[in-house]
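All remarks here apply to the structure that follows.
In the numbering used here, the protein residues as written are 45 to 407.
In structure tokens, the structure reads:
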């Protein structure tokens, strides 16, 4: 279950750009990562550019940190908005060192910004302190993108906008940069709006999820609850499932396992080496969740817990069902055959036992 937000920021942009129409309205927390998620061409980047003032539609409403950047009769130009923008490509100055690229952002720090983080702390946070004198030409793709993120943050923005910052990276580079993005998530007090079409990035980084399709917002809400909805397009993919925020509560050193506790239950998974009491994210896919009418012992499935069915829907095929269940306040989704759902007589309100065959620890 997501932690309650102190403040909600509201966005509404509508208009036509070429042959594309957009009418998107949503609210998001004033701290944490909000993911704009959806297929290519659904309007995510257009919406992000509208927030930055780089694209102007017929209608726009945006207020950040008590400042109206866009509204009735008001349009603050992009260079006067206290924001950081990270593009798909790092766009560093090749003739400047890493230090000089970062200082370029610091020299343009907003006087009304959030005072996000100082130079030395940011360099350490992003793992750049050992490469400050290097040329961008001597950096990997992931390292260059980390410099671009640092440069954007040193402008002391009130909000950080990130447009698919990992899309230009190979698989290895993505894996290297994700832990640094998680550090930003844990240490920044400003909101981050993060455009992506990657379910893994959503599960690993986001606190709040905005699902878009054809220029419209289909859903907006806390991550776990929104991923568990059965009326969204992601339900038809192999990545259907939920991401759960949990805390490491115990460790079984003999079998290299750790117990992750969350609202309503707990899951044993591979030990990520995280200290007791620290937070972790779990990704539980619908295909790895089965249901039973009673607690079945003598099975290799260790993670079993009581739950209640809350919703059932077709999964794009007459022979498949998606079943949403509630585990003490935390939603999970199970994918099973229509025949199984019929034989178990599943319906909203029915008590069942959840069996989780596999779980990914997103450490």
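Even for Gly, the Cβ is constructed at its ideal location relative to N, Cα and C.
Quantities reported herein were computed from a predicted structural model and do not represent experimental measurements.
If you draw a straight line from the Cα of residue 117 to the Cα of residue 106, it is about 12 Å long.
Taking C-alpha positions only, residue 363 is separated from residue 279 by approximately 15 Å. Burial check for residue 93: the Cβ neighbour count within 10 Å reaches 16 or more, so the residue is buried. Comparing alpha-carbon positions, the option among 108, 98 and 61 lying closest to residue 85 turns out to be 61.
With respect to residue 143, residue 177 sits close: the two C-beta atoms are nearer than 8 Å.
Take the alpha-carbon of residue 366 and the one of residue 124: they are about 48 Å apart. Residue 70 and residue 324 do not touch by the CB rule: their CB atoms are close to 28 Å apart, not below 8 Å.
Every alpha helix (DSSP H) stretch that sits fully inside the segment 82-127 and reaches 4 residues is listed by chain position as 88-96. Under the three-pair Cβ rule at 8 Å, the segment 52-68 does not count as touching the segment 217-229.
Beta-bridge partners assigned by DSSP to residue 184: none are found. Shown here for residue 265: not one same chain residue has a beta carbon closer than 6 Å to its own, the five before and five after excluded. Every beta strand (DSSP E) of 3 residues or more that sits fully in the segment 195-229 is shown, in chain order, as 203-207. Linking residue 237 to residue 333 through their CA atoms gives a straight-line distance of about 31 Å.
For residue 148, the uninterrupted alpha helix (DSSP H) segment begins and ends at 142-151.
For residue 382, the enclosing alpha helix (DSSP H) covers residues 382-387.
At least 8 Å separates the beta-carbon of residue 310 from that of residue 319. Cβ-Cβ distances below 7 Å link residue 195 to 145, 146, 148 and 149 in the same chain, with the five nearest sequence neighbours on each side left out; the list follows chain order. Separation of residue 129 and residue 403 (C-alpha to C-alpha, rounded to the nearest whole angstrom) is 34 Å.
Within the same chain, Cβ atoms closer than 8 Å to the Cβ of residue 314 are found at 300, 301, 302 and 405, the five residues on either side in sequence being excluded.
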